[in-house]
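Take a look at the structure set out below.
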Amino acid sequence: MDEGLKGFHFSAPFMTAPSRVYVPSVTEDDGGAIGLGVFSSEETAWKVLRQFLRKSHLMSLNRSDLVIWEVDQVGESGMTVLSSMHCRDCPVCKRKTFWIDLDSFSAMCAGEACEAWIEESTIEPGKIDLGWPPTRFLKQTESLEDAISELNDVGAQLEAAGRTPNDAFTSIPEE
Ligand SMILES: [Zn+2]
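Quick look at the structure:
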């Protein structure tokens with residue numbers, strides 16, 4: 007049994023029908039949508055979506071959506087889009103594995119051994135934090151654009167050091 011299914015049972019122990027469900031999906035470059043299931047908790051839906059996005063480097067994905075549906079409600083009013091993310095080339099590893107949510111100013115590379123990230127600061131709202139875990143690189147900027155260009159610099163430094171996107175980033179580059 008996979009993780010997602012276990013989470014589903016745990017969050018609905020008495021098998022009561024949920025009044026709302028969480029539906030993650032992804033869209034491929036050719037427009038084809040892949041549904042990832044219907045879940046009774048937001049937490050499980052995110053877990054399933056994040057787990058799937060780890061395959062980003064193996065597929066041609068374009069966007070992801072997490073939608074809430076009210077059960078037994080007719081029409082579009084029963085639907086709320088919780089999150090939409092778009093997939094771009096990662097500024098660091100250059101693979102098309104960088105998921106950006108423009109509404110929440112957050113982004114995360116789902117590429118193996120990269121995981122470059124951008125997030126709005128929880129301590130100083132309006133400021134943008136960014137990082138690259140393999141070298142414990144952390145920085146704060148004023149805007150999402152600046153954050154992306156900082157990550158671009160990290161990518162350029164790696165390239166200058168002779169790294170290729172397919173390298174496993176397991177060691178810390180020497181200064
Ligand atoms: Zn990356």
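Numbering (my numbering), first residue to last: 7 to 181.
Each residue gets a CB set at the ideal place from its N, CA and C atoms; glycine is no exception.
Span of the alpha helix (DSSP H) holding residue i?
{"i": "Gln163", "result": "150-166"}
{"i": "Glu49", "result": "48-59"}
Beta carbon of residue i, beta carbon of residue j: below 7 Å?
{"i": "Val27", "j": "Trp75", "result": "yes"}
{"i": "Ser62", "j": "Ala116", "result": "yes"}
{"i": "Ala153", "j": "Ile106", "result": "no"}
{"i": "Asn68", "j": "Cys93", "result": "yes"}
{"i": "Ile134", "j": "Thr147", "result": "yes"}
{"i": "Phe104", "j": "Leu150", "result": "no"}
{"i": "Met91", "j": "Val73", "result": "no"}
List the endpoints of the continuous beta strand (DSSP E) containing residue i.
{"i": "Pro30", "result": "26-34"}
{"i": "Leu144", "result": "143-147"}
{"i": "Arg169", "result": "Note, Arg169: premise wrong, no beta strand (DSSP E); not H, not E."}
{"i": "Leu88", "result": "85-94"}
{"i": "Ser2", "result": "Here the chain has residues from 7 to 181 only, and residue 2 is not among them."}
{"i": "Gly41", "result": "39-41"}
Only counting the same chain, and skipping five residues up and downstream in sequence, which positions put a Cβ closer than 7 Å to that of residue i?
{"i": "Asp4", "result": "Beyond the ends of the chain as shown, which are 7 and 181, falls residue 4; an answer cannot be given."}
{"i": "Val54", "result": "Gly10, Pro30, Leu42, Gly43, Phe45"}
{"i": "Asn158", "result": "Pro97"}
{"i": "Phe143", "result": "Gly137, Val160"}
Can you round the beta-carbon distance between residue i and residue j to whole angstroms, since I take them to be within the 8 Å contact cut?
{"i": "Leu88", "j": "Ser70", "result": "With a Cβ gap of about 11 Å, Leu88 and Ser70 do not count as contacting."}
{"i": "Pro97", "j": "Ala119", "result": "About 15 Å separates the two Cβ atoms, so there is no contact after all."}
Among residues of its own chain, excluding the 5 on either side of residue i, which ones have a beta-carbon nearer than 8 Å to its beta-carbon?
{"i": "Asp35", "result": "Ser66, Leu67, Asn68"}
{"i": "Met114", "result": "Phe104, Trp105, Glu121, Ala122, Trp123, Ile124"}
Which same chain residues end up closer than 6 Å to residue i when comparing Cβ atoms and leaving out the 5 residues on each side of it in sequence?
{"i": "Ser127", "result": "Lys133, Asp135"}
{"i": "Gly38", "result": "none"}
- Query: Could you give the uninterrupted runs of the alpha helix (DSSP H) lying entirely in the region 101-135, keeping only those of 4 residues or more?
  - Reply: none
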